[in-house]
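Undergrad: To convert, count from 1 in the sequence shown and add 3; that's my numbering. We put the CB at the ideal spot given by N, CA and C, even for glycine.
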Amino acid sequence: MKSERSNYNLAIQRTNDEQLLLNLVRLKYRDTPFFMEVSSVASQFTLSSTANASATLQDGVKGLFGLGGSLGLTEKPTVTYSPLQGDKFIQRVLSPLPLQTIALLFHSGWSIERIFRLCFQRMNHLKNAPGASGPTPSLAPQFLEFVSAVKYLRALQVQDAINLSYFEAEGVPQLILHINEEDKNREEAKQFALAVNVEPGKTRYVLTFAPTFNRTDQIRIVTRSLLGTMFYLSQAVEVSTQDTLRGKVTKTKTSAGDVFDWKKVTGDLLRIRSLPEKPEENAMIIFYRGTWFYIDDSDLS
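This is the structure in structure tokens:
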């Protein structure tokens, strides 16, 4: 009896990926996202067998006899889904991302630049497109200074010069950004400190929701919720010109009245393309509102 566990695993993984892609496209169109969770997977096997016999009698010769049979095994998988709603929906989707989760992402090998761009709306006075944490804003976001600051952190991370840890001070969650003693005066460390308006040359900076007044080593942060992160990533959805002209999505404009290109914000994080016809090769694809939306298989970002 051959196990089909790997097939179930691959099928559920793909449907989870497709559900995420579908919800990102929904958010771009200001449609309501919907989440289904796999609550159980069961498999039932049915064994069946048949047997038959035949005989042929002829005059003057010995009789001819035949015996036959078959054995069959049928698998009937049952996958049970449950909608994510109520308190579970609020806790997992609408609540701000826990700082402990952000620290875990760092230690699982994620780029600190990617983590901060996805999870943070602000660091001190630096804004990271906070309006993108909801439906597509009509006014172009502020984000360039924030992105520039976290790129300095990424440069330090590549050189193994920093660490990020989770800590609770009197019940208040904090992220501690550690810079190696021998690296605290590097140009990237200095430029990051100046960008977020803290004192350069320190080996420890505290990222917190409520910094202490006049502390030069603390950085005020505002995190997104999971839904806010998804709204942010939904700006990577490339909508057809036809849908844009019909007003099915919000058109973001600069203060000068020009159309804002969201690739400037999410282009190096994610790109969700669209075509009227189904593409031949793709990693993930869904059909929505008469259009095929997909992530190219060669897109490794």
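Using beta-carbon positions only, say whether residue 30 and residue 234 come within less than 8 Å of one another.
TA: Taking 8 Å as the Cβ cut-off, residue 30 and residue 234 qualify as a contacting pair.
Undergrad: What's the C-alpha gap between residue 203 and residue 109?
TA: When rounded, the distance between both Cα atoms is 23 Å.
Undergrad: CB-CB under 7 Å to residue 219, same chain, minus the five flanking residues each way: which ones, in chain order?
TA: Excluding positions up to five away in sequence, the list reads 201, 202.
Undergrad: Counting Cβ pairs, one atom from each stretch, are 3 or more of them under 8 Å apart for the region 101-116 and the region 174-190?
TA: Touching, yes, given that three or more Cβ pairs across the two stretches are closer than 8 Å.
Undergrad: Terminal residues of the continuous beta strand (DSSP E) containing residue 124?
TA: Start and end: 123-126.
Undergrad: Can you tell me whether residue 224 is buried or exposed? The criterion is at least 16 other CB atoms within 10 Å of its CB, across all chains shown.
TA: By the 10 Å Cβ count, residue 224 comes out buried.
Undergrad: Using the Cα positions of residue 287 and residue 21, report the straight-line distance between them to the nearest angstrom.
TA: Distance between the alpha carbons of residue 287 and residue 21 is about 6 Å.
Undergrad: Do you know whose CA, among 27, 15, 158, lies nearest residue 137's CA?
TA: Ranking 27, 15, 158 by Cα distance to residue 137 puts 27 first.
Undergrad: Could you compute how far the alpha carbon of residue 221 sits from the alpha carbon of residue 162?
TA: Distance between the alpha carbons of residue 221 and residue 162 is about 23 Å.
Undergrad: Give the straight-line distance between the Cα atoms of residue 125 and residue 148, rounded to the nearest whole angstrom.
TA: In a straight line, the C-alpha of residue 125 is about 11 Å away from that of residue 148.
Undergrad: Kindly provide the ranges of any alpha helix (DSSP H) runs that are 4 or more residues long and lie completely inside the region 225-249, ordered along the chain.
TA: With a minimum length of 4 residues, the continuous alpha helix (DSSP H) runs that stay inside the region 225-249 are 229-237, 244-248.
Undergrad: Nearest-angstrom Cα distance between residue 294 and residue 248?
TA: Rounded to the nearest angstrom, the two C-alpha atoms are 15 Å apart.
Undergrad: Among the residues of its own chain, which have a CB less than 8 Å from the CB of residue 171, if the five just before and after it don't count?
TA: For residue 171, where only same-chain residues beyond five positions count, the Cβ hits under 8 Å are 177.
Undergrad: Drop a sphere of 10 angstroms on the beta-carbon of residue 237, count the other beta-carbons inside from all chains shown, and report buried for 16 or more, exposed for fewer.
TA: Answer is buried; the Cβ neighbour count reaches 16.
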